[in-house]
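Mapped onto the working numbering, the consecutive letters of the sequence shown carry residue numbers 1 to 248. Glycine included, every Cβ here is placed at the ideal spot set by N, Cα and C. Predicted, not measured: the structure shown is a model, and the values here were computed from it.
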Amino acid sequence: MKRDKPNIDYKKHIGYSKRAEKALKEHLNSKYGKKQSAEIWAEIKRIYESYLVDLPYIGGAKNPMADQLYDSLVCFAYWEALPEKESVEEFKVTVDSVFFGYNIRTFPKWFSGQNQHLLNAVAFIAKPFIEYSINRHVRSGEWNNAWKVLVNPKKKPKEGLRAVLVGCPICDFAKSHDLMFLMPAMCNGDYGSMPYLRLDTIRPKTVARGHNVCDNFIVNNESGLFEKYPVKVDENGYMYNDEPVELK
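#1: Hey, would you say V149 sits closer than 9 angstroms to I134, going by beta carbons?
#2: Would you be able to state if there are at least three C-beta pairs under 8 angstroms between the stretch 38-49 and the stretch 116-132?
#3: Is it buried or exposed for F99, if we count other Cβ within 10 angstroms and need 16 for buried?
#4: L165 and L119 look like a contact to me (Cβ under 8 angstroms); what is the Cβ gap, rounded to whole Å?
#5: Only counting the same chain, and skipping five residues up and downstream in sequence, which positions put a Cβ closer than 6 angstroms to that of V138?
#6: Could you give the DSSP three-state label for I134: helix, strand or coil?
#7: Where do the ends of the alpha helix (DSSP H) carrying R19 lie?
#8: Could you tell me the distance, in whole angstroms, from the CA atom of V233 to the CA atom of T201?
#9: Just tell me which of R198, P157 and P6 has its CA closest to the CA of V245.
#10: Here's a check: name, in chain order, each residue in its chain whose Cβ is nearer than 6 angstroms to the Cβ of S112, leaving out the five neighbours to either side.
#11: Quick check: what's the CA-CA separation for S30 versus A23?
#12: Alpha carbon to alpha carbon, what distance is there between D4 and Y240?
#13: Counting only the same chain and skipping the five closest in sequence on each side, list residues whose C-beta sits under 6 angstroms from that of P6.
#14: Suppose the cutoff is 7 angstroms on Cβ atoms and the five residues either side in sequence are ignored; what does the same chain contact list for H211 look like?
#15: Below 8 angstroms, how does it come out for the stretch 31-38 and the stretch 58-71: are there three or more Cβ pairs, yes or no?
#16: State the Cα-Cα distance for the pair H177 and P83, rounded to the nearest angstrom.
#17: Taking the alpha carbon of H13 as the point to measure from, which residue in E26, Y229 and P64 has its own alpha carbon closest?
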């Protein structure tokens, strides 16, 4: 597929990924003819470029998490450009195809979340890497409202791994563009993707639900912990769990 790169300041921002472009174009082609799909894609690109005019700098290509924001923005641009708007439920299917629609396979137990030694090793390695590559830039203000990532803060859980995201530039963007009603489609997909890693997510707090963090307790999906804190859905459609006593 020939790339159709947006006209943006690449010193400050990054474009949407090949994965996102492919998934969204496939959605358009399944709904509209070739000519109309091309016209809609041109509008998506125009909207995406307009989003980035006043978007706060979060590190661009230097931030290993930046693609999460920029692929989310092209999903928002897709929804805004549609002549017939998707419902939130339909939009979630679209978003999932962008972030999780590639060829996912279930990992073997020894190389998955069911291996606690591996999770401990990941946490041990990830902490200094994240501190150097992300957190120091956010803390200094250089990367504005980018996520700060905390791995196993305060204490290491006996089982699983805790990943806390402080702030959310995707949510900040949705608020400033009156798109918060679409945020459940952005947030809820994590629950369906984790089982491929033999994991489950227990998430009592998310920024989009009014907290200052997205608090993710990632556990072995055969440990029984997830079943103790079943998924609930709030009045706005966000999936969440009660706070595990293991984190208190």
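Answer, in terms of the structure:
#1: yes
#2: no
#3: buried
#4: Actually they do not touch by this definition, with Cβ atoms about 18 angstroms apart.
#5: A146 and K148
#6: helix
#7: K18 to K31
#8: 14 angstroms
#9: P157
#10: L197 and R198
#11: 11 angstroms
#12: 37 angstroms
#13: G15, K45, Y48 and E49
#14: K205
#15: no
#16: 19 angstroms
#17: P64
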